[in-house]
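All you need for my numbering is the position in the sequence shown, starting with 1, plus 44. For reference, the structure discussed in these notes is given below.
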Amino acid sequence: MFKVPIGTTGGIDGNNLFFIDRSGTGGVGATRDTGVQFSGSFDQVGWELAATNGGDGAADELAISARIAVALTGEGASSAVEGAYGGPDDIGAEASLSFFEDGSVDDGDGVAIDVRAVTNVYSVGVEMIAVGDAVAPALGVGAFDADSSPITFQGTYMLTPDTWELGIRFQDFDNAADTEVIDLGVNRYIDGEGHNAKWSIGYVMAEATAGDADTLQAQLLISL
Numbered sequence: 045m046f047k048v049p050i051g052t053t054g055g056i057d058g059n060n061l062f063f064i065d066r067s068g069t070g071g072v073g074a075t076r077d078t079g080v081q082f083s084g085s086f087d088q089v090g091w092e093l094a095a096t097n098g099g100d101g102a103a104d105e106l107a108i109s110a111r112i113a114v115a116l117t118g119e120g121a122s123s124a125v126e127g128a129y130g131g132p133d134d135i136g137a138e139a140s141l142s143f144f145e146d147g148s149v150d151d152g153d154g155v156a157i158d159v160r161a162v163t164n165v166y167s168v169g170v171e172m173i174a175v176g177d178a179v180a181p182a183l184g185v186g187a188f189d190a191d192s193s194p195i196t197f198q199g200t201y202m203l204t205p206d207t208w209e210l211g212i213r214f215q216d217f218d219n220a221a222d223t224e225v226i227d228l229g230v231n232r233y234i235d236g237e238g239h240n241a242k243w244s245i246g247y248v249m250a251e252a253t254a255g256d257a258d259t260l261q262a263q264l265l266i267s268l
């Protein structure tokens, strides 16, 4: 099984995320399924194409997903890490476009667009997913309303080189509940190990028509 190529942040390993929780839009590309996948690159362009089982499992309908990414400056923005840790001295910017369709449901398609810029001091990014008239849970879209366009904005700043990093994220789920979420985060990287050894503190403020909720998070992550 492998992650479907939809968006960028979904493909980042969980231990390499800046925020403790993955974004809603990033959760789409974090979905794993069985199938075949091809990828390649030329000059400043990289591409991925996958055909997976989709919503009907081993039945005959497939889910197709594809992503193309273009480096706008430098070598682009790393798709392996969220945030500024390990970023280049000079700005690297990248834009990507993804398409997905689950053949097991009518109108179970959509597109994802993201743009990111990274240095070893700061990172900024925006990611939007436009979901079709039907929801395709097998591709991780089940958390969204049909015919919606959830969007995520985020940015981080390295307060102390390779040691303390601050971040903020805003998510608009574009759903009937009018859900909006703001995340504030701080990471303390331990002994130069980066995302392999870090303390993380997060404060999450969620607003919706049914009510508001605030959550304080703390995490110690050690990757072996």
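Note that the Cβ used here is the ideal one computed from N, Cα and C, for glycine as well.
Does the distance from the CB of residue i to the CB of residue j come in under 8 Å?
i: Q88; j: V114; result: yes
i: V155; j: A137; result: no
i: D227; j: V248; result: yes
i: P49; j: E92; result: yes
i: G279; j: E126; result: Only positions 45 to 268 of the chain appear in the structure, and residue 279 is not among them; the question remains open.
i: Y166; j: Y201; result: yes
i: G54; j: G98; result: no
i: A220; j: D189; result: yes
i: T96; j: G71; result: no
i: Q215; j: S244; result: no
i: K47; j: T69; result: no
i: F63; j: G169; result: no
i: D206; j: G236; result: yes
Given this structure, state the Cα-to-Cα distance separating residue i from residue j, to the nearest angstrom.
i: E224; j: W208; result: 27 Å
i: A128; j: F144; result: 29 Å
i: I212; j: D104; result: 43 Å
i: D133; j: T163; result: 6 Å
i: G238; j: G130; result: 8 Å
i: E251; j: G58; result: 25 Å
i: A121; j: A139; result: 9 Å
i: S83; j: S142; result: 13 Å
i: K242; j: F217; result: 29 Å
i: R111; j: G199; result: 23 Å
i: V159; j: G255; result: 32 Å
i: N231; j: L210; result: 7 Å
i: A107; j: T204; result: 44 Å
Can you confirm whether residue i, when its beta carbon is compared against all beta carbons of chain D, has any partner nearer than 8 Å?
i: I50; result: The displayed structure is made up of one protein chain only, and chain D is not part of it.
Let me know if residue i comes out buried or exposed under the rule of 16 or more other beta-carbons within 10 Å of its beta-carbon.
i: L268; result: exposed
i: P194; result: buried
i: I56; result: buried
i: M45; result: exposed
i: A94; result: buried
i: L61; result: buried
i: F86; result: exposed
i: N257; result: The sequence given here places Ala at residue 257; Asn does not occur at that position. By the neighbour-count rule (16 or more Cβ atoms within 10 Å), A257 is not buried but exposed.
i: T253; result: exposed
i: G152; result: buried
i: T196; result: buried
When DSSP labels each residue in this structure, what does residue i get in the three-state scheme?
i: V72; result: helix
i: G54; result: helix
i: N164; result: coil
i: A187; result: helix
i: G238; result: helix
Since residue i sits in a beta bridge, which residues does DSSP pair it with?
i: F217; result: Bridge partners of F217: none, in fact.
i: M249; result: I226 and D258
i: E145; result: I108 and D153
i: G99; result: None, per the DSSP bridge assignment.
i: F82; result: L93
i: E138; result: A115 and R160
i: A174; result: V155
i: Y201; result: Y166 and L210
i: N231; result: E209 and S244
i: I266; result: A241
Using only the heavy atoms of the ligand GDP, determine whether one of them is closer than 7 Å to the beta carbon of residue i.
i: V89; result: In the structure on display, the ligand GDP does not appear, and there are no ligands present to speak of.
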